[in-house]
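**Student:** Numbering (our numbering), first residue to last: 231 to 352. All residues carry an ideal CB built from backbone N, CA and C; glycine is no exception. One structure follows; several queries about it will come next.
As structure tokens, then:
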């Protein structure tokens, strides 16, 4: 995602993890409209293997997104939280966590109500 818009990155990654096709489609389109390259959009799901495509801050947000989204595994680690506070400060870290929680709620609504992206191939 473009520098300065980590919230869209967390939306896309959480939606991928949760299997919300409607949200993945919507957030990918939003990223494209913001000028994010198609390569970066395609590589969100494989951010750990993407080399230097994403910044250190973006990788930290992806890590936080995975840990909060998959909270049943071990939750947000102390290490990730401390790195976030160091990188972003307490207030922005709290905002990032809330953004992750919010998209997880929307993903659950989308999946539970069987929302599907529109077929744009017609």
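At the level of alpha carbons, what is the spacing between residue 248 and residue 301?
**Tutor:** Between residue 248 and residue 301, the C-alpha separation is close to 12 Å.
**Student:** Which whole-angstrom value describes the C-beta separation of residue 292 and residue 243, a residue pair presumed to lie in contact below a C-beta threshold of 8 Å?
**Tutor:** Right, the Cβ-Cβ distance comes to about 5 Å (below 8 Å), so this counts as a contact.
**Student:** Which word fits residue 288, buried or exposed, when buried means at least 16 other C-beta atoms lie within 10 angstroms of its C-beta?
**Tutor:** By the 10 Å Cβ count, residue 288 comes out buried.
**Student:** Could you tell me the distance, in whole angstroms, from the CA atom of residue 314 to the CA atom of residue 298?
**Tutor:** The straight-line gap from Cα to Cα measures roughly 13 Å.
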